[in-house]
Each structure stands twice: as structure tokens, then as C-alpha cells.
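Under this note's numbering, read the sequence shown as residues 520 to 765, first letter to last. For each residue, glycine too, the CB sits at the ideal point set by N, CA and C. Quick caveat: nothing in here was measured; it's all calculated off a predicted structure.
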Amino acid sequence: MNRVLLSTIAIMIAASPTMVVAQSGSVQRISNFASGTAGWRSIQIDKKIPATKFAAKRIQGVPAIEAYARKSMALFTRSVTVNLSKTPVLCWRWRVNNVVKSANIAKKSGDDQAARVYVGLDLPSSAISLGTRAKLALARTRGGNAIPDGAINYVWDNRFPVGTARNNVYTKQAKIIVAQSGAAQAGTWVNERRNLAADIQKQFKTGKAKVTSIAISSDTDNSGETVTAAFADIHMVSANAKCQYR
520 MNRVLLSTIA IMIAASPTMV VAQSGSVQRI SNFASGTAGW RSIQIDKKIP
570 ATKFAAKRIQ GVPAIEAYAR KSMALFTRSV TVNLSKTPVL CWRWRVNNVV
620 KSANIAKKSG DDQAARVYVG LDLPSSAISL GTRAKLALAR TRGGNAIPDG
670 AINYVWDNRF PVGTARNNVY TKQAKIIVAQ SGAAQAGTWV NERRNLAADI
720 QKQFKTGKAK VTSIAISSDT DNSGETVTAA FADIHMVSAN AKCQYR
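See the structure below:
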């Protein structure tokens, strides 16, 4: 089974039972790293590959999770339940010290990123082809019923322009969307806002998907490079609400 599929499997299997995180009106908090990391877990995808290291830190005054990747791959993940009809917009902020210079998301050998935000999905049967259903069924006989139907990956890339959207080089069930690109903003916090519901609709052609998990990662096992990234203030808001960074 390829590493990317293992990654999406881990998002589902690794986290604790599905839970609704703090919600108030038009805002649903997924992370509150100022208060700790309850509900989050670090998962090593492949025991043969060193694990990216995650640590709670205050970076430029922002309570965050720092990911340190050196020839490594791992996920920092939690299960969530999200009402996309009420809070369809995903907000977060992130920071990288540099991009993975030799990465290339168009090649299996270049499937590395300085920073990724993964969203695990449960999809309706109408959004999954017969061939894909057969592949998922086979994978679930090996890896268990927790294997997800699909995933959206927001990445900080090194070469493709912001807005690029494509299938992962290993599986079309993992969609890649370039949210940041290049090193021009390295070393500074960058705020992000994505209409997750709209991205799911566009990528999977359905408005009935369910969000099951969120994960963050830095990934350099293919390139052998070293990068540091940080993530903070992951939350969902309503379509007309502003992101609420603390």
C-alpha cells in the first residue's frame, strides 16, 4: 500500500473516537494550543521512516505546534465532527522556515511538503466510482474499516502557484490544493481561509461529505531535506464570518 494512502488511513485510525470540539455560534475551534493538545496524537506512518517531531511552542508570541522534519514523515491528528452547513470555512495560520526545495507534487519521488493541513472525509457512495469502491474495500480488508473515503490536503508548496489543485500522484482520493507557494513569506505567520465545503464540492462533486479528522504535517522523507513549520488557530467559521485568530 503506498505511503499517501497510508497517510490518509492514519488520519482516521490514529485519532481518538470522533468528537465535536468547542463550538460557539458561528465558530468551531479545532485547536487551542494555548491550553494544550488534548485530543491530538502524533502518528508515525511507516516504522521504517523517521517520524517528524511535533512540539507545543510559543512562536513569535503565537501558541502553536511546531513540526520538525528531517528525512521524516508523521502526522499530528485528531478526530472531529464538523457541520459544514453552518461552518463551511476552514481557517488556520502557519509558518515555515523554508520550503522543500527539491519537492515536486507531480512526481512520486517528490511528494514532500514543508507544511500540510489534511482533512479526512467520509463520502457518499454516489461520489465514489465502482473501481474506487473496490480498491477501498480491498484496502479495508487489510487496514480496517476506518480507512477514509478521501482527503483534502492544503499544502505550502515550493513550485506550483497558489490555487493549483490536482490529484495526489498516488491516489485520486487524496486531493492536493496549493494554499501557499515559495519562500517569500518564510519566517512569518500567514493566515489562511478556505471554503472547505466548496473545495470538497469541486474536488469530489458532492455536497454530502462529512469531515472526520484534521491533521497537520511536515514531510521530507523523499527529499531528505530538513524543514521546520508551525501551525496555530485551526477553526471553522460560517461563510460570512471572519476568521478569529487569537
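About 27 Å separates the Cβ atoms of S545 and A684, ruling out a contact at the 8 Å cut-off.
As the crow flies, the alpha-carbon of I564 is around 19 Å from that of K691. When the beta-carbon positions are compared, T739 and R560 stay at least 8 Å from each other. Under the DSSP assignment, A593 falls in the beta strand (DSSP E) whose first and last residues are A593 to S598. Annotated three-state conformation of S645 is helix, per DSSP. Of the residues A593, F595, D668 and W611, the one whose Cα lies closest to the Cα of Q722 is D668. When Cβ pairs closer than 8 Å are counted between the two stretches, the region 712 to 720 is seen to touch the region 608 to 616, the count reaching three or more. Two segments are said to touch when three or more pairs of C-beta atoms, one from each, lie closer than 8 Å; by this definition the region 742 to 757 touches the region 623 to 635. Taking the Cβ atoms as the reference, G650 lies roughly 18 Å from A670, outside the contact range of under 8 Å.
Distance between K724 and N551, taken at the CA atoms: about 32 Å.
Taking a C-beta distance under 8 Å as the contact criterion, S591 and A570 qualify as a contact pair. According to DSSP, residue pairing for S732 in a beta bridge involves S598 and G639.
Going by beta carbons, Y587 and I733 fall outside the 8 Å limit. Residues N617 and V618 of the same chain have their beta carbon placed closer than 7 Å to that of A702, with the five preceding and five following residues left out of the count. In this structure, the CA atom of V615 is about 33 Å from the CA atom of K727. Inside the region 669 to 725, DSSP marks whole alpha helix (DSSP H) runs of 4 or more residues at positions 715 to 723, from first to last along the chain.
Within 10 angstroms of the beta-carbon of Y673 lie 16 or more other beta-carbons, which makes it buried.
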